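Going by the working numbering, the first residue of the sequence shown is number 1, and it counts up by one from there. All residues carry an ideal CB built from backbone N, CA and C; glycine is no exception. Values in this document were obtained by computation on a predicted structure and should not be read as measured data. See structure below.
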Amino acid sequence: MGARSSNPLEAAGPTREPIKIGVLHSLTGTMSISEISVKDGTLLAVEEINAAGGVLGRPLEAVIEDGASDLQTFAQKAKQLLLEAQVAVVFGCWTSASRKAVLPAFEHGSGLLFYPVQYEGLEQCPNIFYTGAAPNQQIVPGVNYLLAQGKRKIFLLGSDYIFPRTANLIVKAQLAALGGELAGEVYLPLGSKEVGEAIADILAVKPDAILNTLNGDSNVAFFLHLQEAGLKPEDLPVMSVSVAEEEVRAIGPSNIAGHLVVWNYFQTVDTPENRKFVKAYKARYGENRVTDDPIEAAYLGVYLWKQAVEKAGSTDVVKVRAAAKNIEFAAPSGKVKIDAQTQHTWKTVRIGKVRLDGQIEEIWNSGAPVRPDPFLKSYPWAAALAPRQISLGSRASLIGLFVILVLITWMAVGVGWMGSVEIKNYLLLIKTASAPAGVSEAAMAVLVQQTLAVVSRTQHWLLAALVLSSIAGIVGFVSVSAIIRNLGLLRETAELMASGDLTARSPVVSSDAIGVLSSTLNTMAQQISSLLSGLEVRQRQLEERSGELEVAKNAAEAANRAKSTFLANMTHELRTPLNAIIGYSELLQEEALELGEEEFVMDLASINIAGKQLLNIISDILDISKIEAGKMTLFLETVEVLNLIEQVVTTVQPMVGKNGNTLIVNCDRNIGTIYADSSKLRQALLNLVSNAAKFTDRGKITINVWKEEGEVWPLDNSEELSAAPSRCQMPSIVFQVTDTGIGMTEEQVSRLFGAFAQADDSTTRRYGGTGLGLTISRKFCQMMGGDITLESKFDCGSTFTIGLPVVVESQTEETPVRLQPLDLPDAATVLVIDDDPNARDLMTRCLSKQRFRVHSSASGEGGLLLAKQLLPDAIILDVMMPSMDGWAVLSALKADPDLADIPVIMITFLDDKNHGLKLGAAEYLRKPLDYKRFAALLSKYQSLGK
Numbered sequence: 001m002g003a004r005s006s007n008p009l010e011a012a013g014p015t016r017e018p019i020k021i022g023v024l025h026s027l028t029g030t031m032s033i034s035e036i037s038v039k040d041g042t043l044l045a046v047e048e049i050n051a052a053g054g055v056l057g058r059p060l061e062a063v064i065e066d067g068a069s070d071l072q073t074f075a076q077k078a079k080q081l082l083l084e085a086q087v088a089v090v091f092g093c094w095t096s097a098s099r100k101a102v103l104p105a106f107e108h109g110s111g112l113l114f115y116p117v118q119y120e121g122l123e124q125c126p127n128i129f130y131t132g133a134a135p136n137q138q139i140v141p142g143v144n145y146l147l148a149q150g151k152r153k154i155f156l157l158g159s160d161y162i163f164p165r166t167a168n169l170i171v172k173a174q175l176a177a178l179g180g181e182l183a184g185e186v187y188l189p190l191g192s193k194e195v196g197e198a199i200a201d202i203l204a205v206k207p208d209a210i211l212n213t214l215n216g217d218s219n220v221a222f223f224l225h226l227q228e229a230g231l232k233p234e235d236l237p238v239m240s241v242s243v244a245e246e247e248v249r250a251i252g253p254s255n256i257a258g259h260l261v262v263w264n265y266f267q268t269v270d271t272p273e274n275r276k277f278v279k280a281y282k283a284r285y286g287e288n289r290v291t292d293d294p295i296e297a298a299y300l301g302v303y304l305w306k307q308a309v310e311k312a313g314s315t316d317v318v319k320v321r322a323a324a325k326n327i328e329f330a331a332p333s334g335k336v337k338i339d340a341q342t343q344h345t346w347k348t349v350r351i352g353k354v355r356l357d358g359q360i361e362e363i364w365n366s367g368a369p370v371r372p373d374p375f376l377k378s379y380p381w382a383a384a385l386a387p388r389q390i391s392l393g394s395r396a397s398l399i400g401l402f403v404i405l406v407l408i409t410w411m412a413v414g415v416g417w418m419g420s421v422e423i424k425n426y427l428l429l430i431k432t433a434s435a436p437a438g439v440s441e442a443a444m445a446v447l448v449q450q451t452l453a454v455v456s457r458t459q460h461w462l463l464a465a466l467v468l469s470s471i472a473g474i475v476g477f478v479s480v481s482a483i484i485r486n487l488g489l490l491r492e493t494a495e496l497m498a499s500g501d502l503t504a505r506s507p508v509v510s511s512d513a514i515g516v517l518s519s520t521l522n523t524m525a526q527q528i529s530s531l532l533s534g535l536e537v538r539q540r541q542l543e544e545r546s547g548e549l550e551v552a553k554n555a556a557e558a559a560n561r562a563k564s565t566f567l568a569n570m571t572h573e574l575r576t577p578l579n580a581i582i583g584y585s586e587l588l589q590e591e592a593l594e595l596g597e598e599e600f601v602m603d604l605a606s607i608n609i610a611g612k613q614l615l616n617i618i619s620d621i622l623d624i625s626k627i628e629a630g631k632m633t634l635f636l637e638t639v640e641v642l643n644l645i646e647q648v649v650t651t652v653q654p655m656v657g658k659n660g661n662t663l664i665v666n667c668d669r670n671i672g673t674i675y676a677d678s679s680k681l682r683q684a685l686l687n688l689v690s691n692a693a694k695f696t697d698r699g700k701i702t703i704n705v706w707k708e709e710g711e712v713w714p715l716d717n718s719e720e721l722s723a724a725p726s727r728c729q730m731p732s733i734v735f736q737v738t739d740t741g742i743g744m745t746e747e748q749v750s751r752l753f754g755a756f757a758q759a760d761d762s763t764t765r766r767y768g769g770t771g772l773g774l775t776i777s778r779k780f781c782q783m784m785g786g787d788i789t790l791e792s793k794f795d796c797g798s799t800f801t802i803g804l805p806v807v808v809e810s811q812t813e814e815t816p817v818r819l820q821p822l823d824l825p826d827a828a829t830v831l832v833i834d835d836d837p838n839a840r841d842l843m844t845r846c847l848s849k850q851r852f853r854v855h856s857s858a859s860g861e862g863g864l865l866l867a868k869q870l871l872p873d874a875i876i877l878d879v880m881m882p883s884m885d886g887w888a889v890l891s892a893l894k895a896d897p898d899l900a901d902i903p904v905i906m907i908t909f910l911d912d913k914n915h916g917l918k919l920g921a922a923e924y925l926r927k928p929l930d931y932k933r934f935a936a937l938l939s940k941y942q943s944l945g946k
């Protein structure tokens, strides 16, 4: 049994009978850490009210009971307060479990409870006034704040009772709707200090933040162990909804400083009412005491009840409830008001950060009191959380049908019985009339006629009963059929669930008992599935660390592939205007020279060079994105190795000479050929040699090329760019690029092949570049069955080695298609089909200078019509066009006998040469195009035609 005491207060003048009020809190047990102070806040308000004259001129007498942190004790004490002490109102409870435990006592005893603590909502009882926060006044804005701070991955930690579990249901629905992620969910027994496993789970899943609904002594142990685990608030903030200033004292400010809390009141709130409240509280209970939200909510609850009683002129519960609607009070936290519809309180939401002095610094507030929404009706994602209204449904239908059938049966029996009695009476009269002293024949005829009328009436009634019973039977058949059908669906779903398919759901076709049963079954399946998922998560946590790292790596690769796909789509939009910038700058250079405006030539050349540099960067990004998205293909062909090396040397010679370097090439003139993708191999070699030229100053760069036979050359995959170690089967061609440049340390080498990575930040700042070239080059080589290895010594130089098989075999290979011969007559007519107006203009101006007759169309459909009208000598066709793309136009051209022989030159950003040639293109060129060279190329075809 808990302690019980009275606190009568004397008033000046004649003594009037006091008004008894109940105070019910846990003064012992795990919840006493929080509830003793709430009791003190209640008593402070009682003392102030008594000092001011009481309520209705009568003093208040507080009858205090100890709930002892036990639900049965709470229920027992509530009954005692209402039935034995006969209090007018009770101020008390903390946990939702204790509130639920005392609720029957208040409902049956017509009592009134002022509940001072935030709770999970989804409740509205006429016997309770809720002065704590509803979910939309604490939990919902708290989660919104975390999400707004970029904390998307939330771990839910709570005590194992009603409030945390229901609150977390709300949080999970909110996270699902707002794009958050549930990192994990753990519940501890109320008051438990065994938090080690919960800390381990948190360390395993690495959330962005923790939403803490622990209550009682569990918070002390949790924050202490959290700090010991090295989890700092700036790295892993904890948002607590049941930790206020009083709990901070018990936890120890140094253990919780920097973490977050969400309430409606802090002791640091700067209002005159709060300064007065804090001063009075400390004066009454000691300067070392603190105020907090539940204390303030209990305090203002007493004042709200006082105002309602004085407005009603009575302590009668019904009258007080009616008078309390929309009552306002200037509370320490600011203006509060009792909501007339819900009996909850309008309150300002505040989020704060715990300071080292134990106080809470406000960092955000709602600006104005928030209307309570206990059922979250204003949040669409919370629709499934509100309790369902259960209708009679099938039960009412069956009962009504049974009653109708019984009434019809009774009617039929009654009509038959009454008819038989009347017939019997008439027959007796006829019998009497037939006796020797009987009546006349006329009277006999009347009796017979009446008898027949009774028989007829009875038949009609029985027929009506038959009709009604038939209708009732049809209605019954339909109702029973519907019930059987719904039960059949329910049975099928239950059988699927029993077989292990927890994704099965029973259709909720009505709101009757069967509908509720279906909904309940679905909810049960969802909860079981969630529990099984939790067990699977726990099982994964028990696996080896390598398995977890593999999952994380796969997730990162999937994210990278998604990023790469996005970049691949975006590069076309970026390259189109760059193509125009490059083309127009080249054209303007030529026109400036013709006009003698040489001062503009250098500026235009700078624009052209900058455009090409930016285009190269975009091309690299496109290449890496295509590789990551698995869309990069190889175009294998036989290439003379010596010719390839000569092309590379010719291209890089200006870069080599820029820094005063010397280039040496060692390659046997009879080295032969390689069957590979010449474009990608050339790009890899150009990248290696250009890097050597960039990072070498007045040094030597050497290109060595040789063939290796009869051996197996091991390939280095130490950077994990491929799933498993690969080996290059001989014979092979080895390309080696050596420089005497700046070299690299081992640490720099270890991250060199990562995308967007260079040796270090200083290298990027000094030498420029995106860090994509080596990554792309290595991936190209791996696609061709080889690899790139590196040997480097800091300040001495580096050696990059490419090893490729002489004959490359690849699953991504596309067999090259031979180009069709292209012969053009003099003054040829050329049709340009491109949706980009700049591309059409550039092509028209350049070709017109070469005396071509140029026509253009902005769409595929228009181009086809123009082609039929003009029958041009050649068609220049873009691929990426709206409505009808270049592939469709090309197919249509080759399908038309009148147009099939017209040579089509594809000019596009897409790297899909083989596809274009297979469809019948005569040439396939990549943008950006050197339009002047292209015009010269067409002129060359004219010469070939001659």
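Any beta strand (DSSP E) of 3 or more consecutive residues that is wholly inside the stretch 243-305: Entirely contained in the stretch 243-305, the beta strand (DSSP E) runs reaching 3 residues are, in chain order, 260-263.
Assigned secondary structure, GLN307 (DSSP; H/G/I helix, E/B strand, else coil): Per DSSP, reduced to three states, the secondary structure at GLN307 is helical.
Per-residue DSSP class, three states only, for VAL23: Strand at VAL23.
Chain-order list of residues whose beta-carbon lies under 7 angstroms from that of PRO18 (same chain, five-residue window excluded): Counting only Cβ-Cβ distances below 7 angstroms, and skipping sequence neighbours, we find PRO8, ARG58, PRO59, LEU60, GLU61.
Reduced DSSP category for CYS667 - H, G, I as helix; E, B as strand; rest coil: Strand at CYS667.
Through-space distance from CYS125 to ARG457, alpha-carbon basis: Straight-line Cα distance between these residues: approximately 58 angstroms.
Element boundaries [alpha helix (DSSP H), containing VAL102]: Per DSSP, the continuous alpha helix (DSSP H) segment holding VAL102 begins and ends at 96-108.
Backbone CA spacing between VAL23 and GLY258 [nearest angstrom]: VAL23 and GLY258: Cα-Cα distance of roughly 34 angstroms.
Bounding residues of the beta strand (DSSP E) (the contiguous stretch that carries THR908): In the DSSP assignment, THR908 falls within the unbroken beta strand (DSSP E) covering 904-908.
Residues near GLY29 in its chain [Cβ-Cβ closer than 6 angstroms; skip 5 each side]: By the criterion of a C-beta distance shorter than 6 angstroms, GLY29 is surrounded in its chain by ALA68, SER69, once the five residues flanking it on both sides are discounted.
Residue closest to PHE91, alpha-carbon to alpha-carbon, out of ALA45, GLY109, ALA133: Checked all of ALA45, GLY109, ALA133; the closest Cα to PHE91 is ALA45.
Inter-residue spacing [alpha-carbon to alpha-carbon] between HIS855 and LEU831: Roughly 5 angstroms separates the two Cα atoms.
Residue interval of the alpha helix (DSSP H) (run including LEU169): Boundaries of the alpha helix (DSSP H) harbouring LEU169: 162-178, taken from the DSSP string.
Boundaries of the alpha helix (DSSP H) in which THR30 is found, first to last residue: For THR30, no alpha helix (DSSP H) run applies, since DSSP gives it neither H nor E.
Beta-carbon proximity of ASP208 to LYS151, cut-off 9 angstroms: The Cβ-Cβ distance between ASP208 and LYS151 falls below 9 angstroms.
Beta-carbon proximity of VAL656 to ALA693, cut-off 9 angstroms: Contact: yes.
Proximity winner among GLU923, LEU864, TRP381, ALA368, relative to ALA176 (alpha-carbon distances): For ALA176, the closest alpha carbon among the candidates GLU923, LEU864, TRP381, ALA368 is that of TRP381.
Best match in GLN86, ASN914, ALA330, ILE875 for proximity to GLU273 [C-alpha to C-alpha]: Considering only alpha carbons, the answer is ALA330.
Cβ-based neighbour list, LEU685, same chain, cut-off 7 angstroms, excluding 5 preceding and 5 following: The beta carbon of LEU685 sits closer than 7 angstroms to those of VAL648, PHE735, all from its chain and outside the five residues before and after it, given in chain order.
Cut-off 8 angstroms between Cβ atoms - residues of its own chain near SER848, not counting five sequence neighbours on either side: Non-local beta-carbon contacts of SER848 in its own chain, meaning distances under 8 angstroms to residues more than five positions away in sequence, involve VAL854 in chain order.
Cβ pair ILE833, ILE876 closer than 9 angstroms: Their beta carbons are under 9 angstroms apart, which means ILE833 touches ILE876 by this criterion.
Alpha carbon of ALA559 to alpha carbon of GLU228, nearest angstrom: Spanning the two alpha carbons is a distance of roughly 34 angstroms.
Residue range of the unbroken alpha helix (DSSP H) whose run includes ARG682: According to the DSSP assignment, ARG682 belongs to the alpha helix (DSSP H) that extends over 678-694.
Counted within 10 angstroms of its Cβ, other Cβ atoms place GLY743 as buried (16 or more) or exposed: Result: buried.
First through last residue of the alpha helix (DSSP H) which encompasses MET239: Unbroken run through MET239 is the beta strand (DSSP E), 238-240; no alpha helix (DSSP H).
Where THR409 sits in the DSSP three-state scheme: The answer is helix: DSSP assigns THR409 an H, G or I state.
Coarse secondary structure for PHE934, derived from DSSP in three states: Shown here, PHE934 sits in a helix according to DSSP, grouped into three states.
Those runs of the alpha helix (DSSP H) which lie wholly inside the stretch 839-927 and span at least 4 residues: Given a length threshold of 4 residues, each whole run of the alpha helix (DSSP H) inside the stretch 839-927 is given here in chain order: 860-870, 886-895, 913-918.
Under the three-state DSSP convention, the category PRO116 falls into: DSSP places PRO116 in coil when its eight states are reduced to three.
Inter-residue spacing [alpha-carbon to alpha-carbon] between GLU719 and GLU646: Any reading at GLU719 is ruled out, since the residue's pLDDT is 41, under 50, leaving its predicted position unreliable.
Where ASN691 falls, given that 16 or more other Cβ within 10 Å makes a residue buried: Per the 10 Å Cβ criterion, buried.
Whole-number beta carbon distance between ASN661 and GLU698, since they are thought to touch under 8 angstroms: Residue identity check: residue 698 is Arg in the sequence provided, not Glu. ARG698 to ASN661, Cβ: 7 angstroms. Contact.
THR829 - partner residues in DSSP beta bridges: DSSP lists ARG853 as partners of THR829.
LEU214 in three-state terms, based on DSSP: Three-state DSSP puts LEU214 in coil, outside helix and strand.
Start-end ranges of the alpha helix (DSSP H) lying completely within the stretch 134-165, minimum 4 residues: Complete alpha helix (DSSP H) runs here, min 4: 139-148.
DSSP three-state assignment for VAL806, whether helix, strand or coil: If DSSP states are grouped into helix, strand and coil, VAL806 belongs with coil.
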